[in-house]
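Visitor:
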Amino acid sequence: MASMDVSLKEMMAIDGALGACVVDYGSGMALGVLGGSKELDLQVAAAGNTEVVKAKMRTMDTLGLKDAIEDILITLSTHYHIIRPMTGRGGKGLFLYLALDRGRANLALARHQLKVIEEKLEI
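What the sequence shown shows, in the numbering used here, is residues 153 to 275, in sequence order.
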């Protein structure tokens, strides 16, 4: 099992990583943040992505889907944004958020690495 600090460092070690955080989607608050920039305010991203997660969960509930979200991917012209709700013990109500530089990142590998990090993270 890994701590939040270790997991954030592992997320930032993924090729192309620009910023990473662990977010409580009940409150929209980032519990841990690493990276980011003036253009990528991770606190703002955490709050905004909370709304994305809540909207998707409401939609799944309305549709009667009994499935779990593995991750939500937002592609921009220069970035990938990956939102991964945590499923392990102690992670209920939390998600990982990783912003990547699209020109330097391997999306498939990043998704795989994020899954491994999520499975090891203990809150």
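Glycine is no exception: its CB is placed at the ideal position from the N, C-alpha and C atoms.
Can you check which of these residues, Ala262, Gly188, Ser179 and Gly216, is closest to Ile224 by C-alpha distance?
Guide: The option with the nearest alpha carbon to Ile224 is Ala262.
Visitor: If I follow the unbroken beta strand (DSSP E) through Met181, where does it start and stop?
Guide: Note, Met181: beta strand (DSSP E), Met181 to Gly187.
Visitor: Indicate the three-state DSSP secondary structure (helix, strand or coil) for Leu217 in the structure shown.
Guide: Here Leu217 sits in coil by DSSP.
Visitor: DSSP has Ile166 in a bridge; who is on the other side?
Guide: According to DSSP, which records beta bridges pairwise, Ile166 is partnered with nothing at all.
Visitor: Alpha carbon to alpha carbon, how far is Leu183 from Ile166? Give it in angstroms, no decimals.
Guide: The alpha-carbon atoms of Ile166 and Leu183 are separated by roughly 20 Å.
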